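Numbering (full-length UniProt numbering), first residue to last: 1 to 172.
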Amino acid sequence: MSDASPGGVATRDLRIEPLTPEAFAPFGTVIAAGADGTPFGPQDAQLEFGTGTPRFYIMRIPGRGLTVSGITRHRACTQTLASVGGLPWVLAVAPPEGLDDPSAEPALDAIRAFAIPGDVAVMLYRGSWHAGPLFEGAERSFFNLELADTNTADHQTCHLNRRDAAALRLVA
């Protein structure tokens with residue numbers, strides 16, 4: 001379904017998919033609980049921070065609803081996100097293509113959305129485009145692992161509402 005707003009931005013529906021490691025593989029790694037002492041393997045996130053200083057913090061964000069008008073990437077590092085308190089949330093993503101091209105942007109039809117259960121974390125590859133954490137309702141807190149200067153020095157946003165005159169409404 002698609003409809004246009006008075007500002008000329010068409011809103012398209014994008015179905016929210018269930019999260020599986022296989023479906024999420026083009027964008028990053030799903031991190032689920034495992035037995036203590038399990039050796040490192042492909043189920044584990046392989047973090048990349050280069051020579052930067054890693055920053056692990058809890059971010060508090062307001063509920064923004066489930067509409068995406070822009071999507072962001074960080075080319076210098078991986079990013080890991082998880083819900084504080086175990087509540088489910090949604091993440092829109094696109095593949096990390098054109099990693100060495102600062103002007104590269106994702107195709108609108110390359111964007112997918114996933115329902116993230118509250119008991120897992122996701123690690124995004126360097127350059128994976130993302131919008132979220134997204135959820136309906138009051139503010140929530142999320143664990144975030146990235147570089148200390150990610151929000152100021154490594155933050156590229158593609159404004160879908162400007163470039164494509166489009167927004168994505170994420171639907172179950």
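Every residue, glycine too, gets a C-beta built ideally from N, C-alpha and C.
None of these values were measured; they are calculated from a predicted model.
task = Verify whether the separation of the beta carbon atoms of PRO95 and PHE24 is less than 9 Å.
result = no
Item to complete: Identify, in the order they occur along the chain, each residue of the same chain with its Cβ nearer than 7 Å to the Cβ of GLY137, setting aside the five sequence neighbours on each side.
Response: Here the set comprises GLY63.
Continuous alpha helix (DSSP H) stretch holding PRO18: start and end:
From DSSP, PRO18 is part of no alpha helix (DSSP H) but of the beta strand (DSSP E) over 10-18.
Count the other C-beta atoms from every protein chain shown that fall within 10 angstroms of the C-beta of VAL122, then say buried if there are 16 or more, exposed otherwise. Buried, because 16 or more other Cβ atoms sit within 10 Å of the Cβ of VAL122.
- How would you label GLU105, buried or exposed, when you count the other beta carbons within 10 angstroms and need 16 or more for buried? buried
What separation, rounded to the nearest whole angstrom, lies between the Cα atoms of VAL9 and GLY41?
Each residue's Cα considered, the two are about 44 Å apart.
* **Boundaries (first-last residue) of the beta strand (DSSP E) holding GLU105** => Per DSSP, GLU105 belongs to no beta strand (DSSP E) and is neither H nor E.
* Asked: Mapping DSSP to helix, strand and coil, what is ARG75?
  -> coil
TODO: Please look up how many angstroms separate the CB atoms of LEU66 and ARG169, rounded, as I've assumed it's under 8 Å.
DONE: 7 Å
What are the start and end residues of the alpha helix (DSSP H) that includes GLU22?
21-24
* Asked: By DSSP, does THR67 sit in helix, in strand, or in coil?
  -> strand
Quiz item: Considering only the beta carbon of each residue, do PHE135 and ILE58 sit closer than 9 Å?
Solution: no
If you check the beta carbons only, do GLY85 and GLY127 fall under 9 Å apart?
No, they are not a contact pair.
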